[in-house]
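These notes concern the structure reproduced below.
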Amino acid sequence: MSIDIAVVPVAGLGTRLLPATKSQPKEMLPVGRKPVAQHVVEELALSGIGRLLFVTGKGKHSIENHFDTDGDLITYLRESGREQALAELDFERQEMEYFYTRQRRQLGLGHAVLCAAPLVGKQPFVVALGDSIIGLNAQSDIVARMTALFETTGADVVVAFEEVPRDEVFRYGIAKPRGSVDDVFDLESLIEKPAVDEAPSNLAVAARYVFNPVIFDKLAETRPGKGGEIQLTDAIQTILSEGGKGLGVRLHPHERRYDIGNFGSYFRAFVDFALADPQFGDGLREHIQALLERP
Ligand code: UTP
């Protein structure tokens with residue numbers, strides 16, 4: 003059976019987005035018309051994911067509420083003839099089974115993924131970060147490409163990568179490819195936040211992964227690293243250094259990664275999605291142009 007389960011960690015504190023995230027999850031901030039988490043779920047549905055396990059934490063109830071079916075709201079909109087608003091709730095009925103578990107202490111992304119182990123069990127699975135959208139309006143089949151590759155090659159780990167400007171590599175986990183780099187390449191190792199002149203490439207980890215369940219064993223053995231957190235990258239690195247097969251998949255140029263984790267990239271993501279809005283995009287473009295031309 004092909005991989006149809008994705009783990010979506012959304013338990014982080016989002017401290018880089020304070021005060022916006024003091025009492026609401028960053029994964030529920032709107033980008034264009036939809037919250038980040040809805041873009042992520044719609045992207046995963048496009049890629050054939052049918053079961054989705056959110057790893058949530060304190061203060062994240064609005065994510066669960068968002069994906070529930072709200073019968074009262076549907077009845078109200080139907081009875082008041084608000085057909086267009088009703089259509090905006092179609093995502094509630096998409097074919098996706100939702101599961102939730104809690105990360106009781108925020109011990110890092112690797113720890114959040116480990117919290118999924120009792121529910122995922124011994125099957126391969128996808129990890130999609132809940133604070134990153136791939137492609138404008140999440141029109142990306144990157145996860146379908148990655149799961150297909152995982153299944154045909156017998157890889158242990160498949161990681162998505164995005165090309166970033168050379169002088170920004172120190173912000174990311176960077177790939178050290180083995181051999182030449184094409185849309186798919188052999189992953190020799192991952193270097194966390196390398197210095198610009200030491201980076202082996204400009205391919206940055208891009209928030210989507212496919213794993214053999216052996217990653218859970220490696221995460222359980224991983225000692226806390228930077229900031230006392232259990233890093234997913236460290237467990238991937240263990241698999242690679244023990245001879246496991248790792249592959250990288252490059253995002254296509256139209257599949258930009260929109261990371262919502264800091265204000266700079268959040269603002270850019272919002273502007274890109276708002277400019278692409280079929281109803282309000284043109285008006286917004288004129289507004290921005292006028293602002294920029296103002297002396
Ligand atoms: P980040 O690395 O951006 O961390 O998380 P963060 O804690 O959310 O944010 P800052 O650094 O305080 O601003 C990347 C993804 O991993 C999840 C987050 O919810 C986000 O979707 N995450 C992170 C967890 O689920 N648990 C954690 O302990 C850390």
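So that you can map any letter, position 218 of the sequence shown is 220 in this note's numbering, and since no number is skipped, the others follow by simple counting. Each residue gets a CB set at the ideal place from its N, CA and C atoms; glycine is no exception.
On the DSSP letters alone, give me the boundaries of the alpha helix (DSSP H) that residue i sits inside.
i	result
residue 267	265–277
residue 216	216–223
residue 185	It is not in any alpha helix (DSSP H) - residue 185 carries neither H nor E in the DSSP assignment.
residue 284	283–295
residue 242	234–243
residue 115	111–116
residue 88	85–89
residue 205	Counting along the chain, residue 205 falls outside any alpha helix (DSSP H), though it belongs to the beta strand (DSSP E) covering 205–213.
residue 201	Looking at the DSSP string, residue 201 is not in any alpha helix (DSSP H), and its letter there is neither H nor E.
residue 119	119–122
Sorted by chain position, which residues of the same chain lie with C-beta nearer than 8 Å to residue i's C-beta, five sequence neighbours on each side aside?
i	result
residue 123	215
residue 61	25, 26 and 27
residue 184	252
residue 198	168, 169, 171 and 172
residue 279	34, 35 and 286
Measure the Cβ-Cβ separation of residue i and residue j and say whether it is below 8 Å.
i	j	result
residue 236	residue 112	yes
residue 222	residue 116	yes
residue 277	residue 283	yes
residue 150	residue 248	no
residue 68	residue 40	yes
residue 271	residue 33	yes
residue 195	residue 172	yes
residue 104	residue 58	yes
residue 65	residue 29	yes
residue 205	residue 246	no
residue 38	residue 46	no
residue 175	residue 10	no
residue 97	residue 4	no
residue 275	residue 208	no
Can you tell which of the options has the C-alpha that lies nearest to the C-alpha of residue i?
i	options	result
residue 93	71, 106, 81 and 75	71
residue 178	45, 157, 200 and 87	200
residue 49	89, 7, 73 and 68	7
residue 120	13, 264, 141 and 217	217
residue 159	240, 279 and 100	240
residue 242	220, 225 and 230	220
residue 110	192, 52, 225 and 167	225
residue 36	191, 4, 139 and 294	139
residue 202	180, 255 and 102	180
residue 255	288, 166 and 244	166
residue 186	53, 148 and 192	148
residue 190	230, 244, 127 and 228	244
residue 193	182, 238 and 52	238
residue 53	101, 23, 22 and 227	101
Going along the chain, which residues of its own chain have a beta-carbon closer than 7 Å to the beta-carbon of residue i, five neighbours each way excluded?
i	result
residue 18	263 and 264
residue 257	136, 137, 142 and 144
residue 234	111, 112 and 115
residue 108	13, 14, 15 and 59
Can you list, in chain order, the residues of its chain with a C-beta nearer than 6 Å to that of residue i? Leave out the 5 residues immediately preceding and following it.
i	result
residue 211	129 and 161
residue 261	134 and 267
For the beta strand (DSSP E) containing residue i, name the first residue and the last one.
i	result
residue 99	99–104
residue 11	7–11
residue 249	248–252
residue 260	259–261
Check whether the Cβ of residue i sits closer than 7 Å to any heavy atom of the ligand FMN, and report yes or no.
i	result
residue 108	As far as ligands go, the structure on display features the ligand UTP and does not contain the ligand FMN.
Next on the checklist: Which runs of the beta strand (DSSP E) at least 3 residues long sit entirely within the region 131–169? Give them in chain order.
Outcome noted: 134–136 and 159–165
Next on the checklist: Just to confirm the assignment: which complete beta strand (DSSP E) runs, minimum length 3, are found wholly within the region 29–77?
Outcome noted: 53–58
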